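Undergrad: In this text, residue positions in the sequence shown follow UniProt numbering: the first is 316, and each later residue adds one.
No residue lacks a Cβ here, since even glycine has one placed at the ideal position from N, Cα and C.
On a predicted model such as this, the values are computed, not experimentally measured, just so you know.
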Amino acid sequence: HAKEQGRNALQFYDAAMTAAAAERLAMKAQLAQALERGQFFLHYQPLVEAGSGRPVGVEALLRWRSEAFGLVSPATFIPLTEESGLIVAIGRWVLDTACRQARAWELAGQPPIEIAVNLSPRQLRDPELVEHVRGVLDRSGLDPSRLVLEITEGLLIEDMALSRRVLASLKRLGIRLALDDFGTGYSSLSYLNSLPFDILKMDGSFTRNLTDGQASNTGGQAIARAIIALGQSLNMLLVAEGVETAEQHAWLTRNGCDLVQGYHFGRPAAADDVTGVLQGLALAHSARQIGQSDFV
Ligand code: C2E
Ligand code: MG
Ligand code: MG
Ligand code: MG
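1. Starting from Ser381, trace the beta strand (DSSP E) in both directions and tell me its first and last residue.
2. Leaving aside the five residues before and after Thr568 along the sequence, list all residues of the same chain whose C-beta is less than 8 Å from its C-beta, in chain order.
3. What separation, rounded to the nearest whole angstrom, lies between the Cα atoms of Tyr506 and Met475?
4. For the segment 489–565, which segments carrying the alpha helix (DSSP H) assignment without a break, of at least 4 residues, lie completely within its bounds, in sequence order?
5. Nearer than 6 Å: is that true of the beta carbon of Glu468 relative to any heavy atom of ligand 3?
6. Could you tell me the distance, in whole angstroms, from the CA atom of residue 276 to the CA atom of Asp441?
7. With respect to the alpha helix (DSSP H) encompassing Ile472, which residues constitute its N-terminal and C-terminal limits?
8. Can you tell me which residues form a DSSP beta bridge with Tyr359?
9. Relative to ligand 2, what is the chain-ordered list of residues with a Cβ closer than 6 Å to any of its non-hydrogen atoms?
10. With Asp513 and Gly498 assumed to form a contact (beta carbons below 8 Å), what rounded beta-carbon distance in angstroms separates them?
11. Within this structure, are the beta carbons of Ile428 and Gly372 separated by less than 7 Å?
12. In whole angstroms, give me the CA-to-CA distance for Leu510 and Arg479.
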């Protein structure tokens, strides 16, 4: 019966594969209409100065709610939009929406903060990208120095000449560039030096590996230290992602991280909710400042 069982398992495997492929196809079809149906929205997550706790910015994170699939993780649907090329149109919408939100916060009297927007490497192949970014800045009235574009390493090295040219043009607009999820994927250290990144975002997995539960993980700490040292020696600002505990925050601050981001400071949330979170972080920061001053 072993043979028969093997055949059944194979059939089951085939059926599962077909179901997964069918779901991907159905998702792609839904995604093609998601923009016009208004199914995309943005959440924002605070970025905090490690030493002082002062909020300095937010990262815009794309969300998709479809009738058929409910709320789908960007880790699932972004790759599908990259395959179909839809990411170019969606990415423009994200950039536009995020910059207008940042400007709206400014006009509402919030302390100016930076806005970080994720850019798929696929978007670098859009010949109108640079003009679009310039247009978004003009239309929103946002100061270019407030905008950070975050790019994952992935496809960057596939066409180094193109990457170098487009990134240089983006930099000339006066915006800043962050290398996202650093340490995962295609890490080739040589291109770090040849692409004009201002900011290095250490992937959340390294923050997670600082400890094994409560106990410290010396191997994980050694790797995080090496990444921080690399960023520092290349004069890049260092951001740690995925900070969930006070212990991780303390370790990262002690070891030279400039900025921290993670659930410990605030989960990604709608613009209205994140306004309150930013105010709370700013208040806590001022309270500590006063607590440290000579007047008390
Ligand atoms: P990312 O740019 O590295 O964003 C950080 C991810 O970590 C976000 O996941 C965020 O919700 C999550 N995160 C933040 N703090 C913590 C924490 O303390 N613990 C844990 N476990 N996770 C934390 P999210 O929102 O699901 O996004 C996943 C990825 O999808 C992003 O990773 C980014 O690569 C991509 N993505 C999101 N929005 C966009 C977009 O507008 N355009 C493009 N091209 N990619 C996007
Ligand atoms: Mg990012
Ligand atoms: Mg990241
Ligand atoms: Mg990521």
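TA: By the coordinates alone:
1. Walking along the sequence shown from the start, residue 381 turns up at place 66. Segment Pro370 to Ser381, the beta strand (DSSP E) holding Ser381.
2. For the purposes of this step, residue 568 is identified with residue 253 of the sequence shown, where counting begins at 1. Excluding residues within five positions, the ones whose Cβ falls inside 8 Å are Ala365, Gly366 and Val575.
3. For the purposes of this step, residue 506 is identified with residue 191 of the sequence shown, where counting begins at 1. For the purposes of this step, residue 475 is identified with residue 160 of the sequence shown, where counting begins at 1. Each residue's Cα considered, the two are about 8 Å apart.
4. As far as the segment 489–565 is concerned, its whole alpha helix (DSSP H) runs of at least 4 residues are 504–509, 519–523 and 533–548.
5. Here residue 468 is taken as the residue at index 153 of the sequence shown, counted from 1. Every heavy atom of ligand 3 is 6 Å or more from the Cβ of Glu468, so no.
6. Residue 276 cannot be examined here, being either before or after the span of the chain that is shown, 316 to 611.
7. In the sequence shown, counting from the first residue as 1, residue 472 sits at position 157. Careful: Ile472 lies outside any alpha helix (DSSP H) and carries neither H nor E.
8. Here the question's residue 359 lines up with position 44 in the sequence shown. Looking at the DSSP assignment, Tyr359 forms a beta bridge with Ala375 and Ala584.
9. Glu374, Asn433, Glu465 and Asp495
10. Taking the sequence shown and counting its residues from 1, one reaches residue 513 at position 198. Taking the sequence shown and counting its residues from 1, one reaches residue 498 at position 183. With 8 Å as the limit, Asp513 and Gly498 do not qualify as a contact, their Cβ atoms being about 18 Å apart.
11. Taking the first residue of the sequence shown as position 1, residue 428 is located at position 113. Taking the first residue of the sequence shown as position 1, residue 372 is located at position 57. Cβ distance < 7 Å, so Ile428 and Gly372 count as in contact.
12. Taking the sequence shown and counting its residues from 1, the one referred to as residue 510 is at position 195. Taking the sequence shown and counting its residues from 1, the one referred to as residue 479 is at position 164. Distance between the alpha carbons of Leu510 and Arg479 is about 6 Å.
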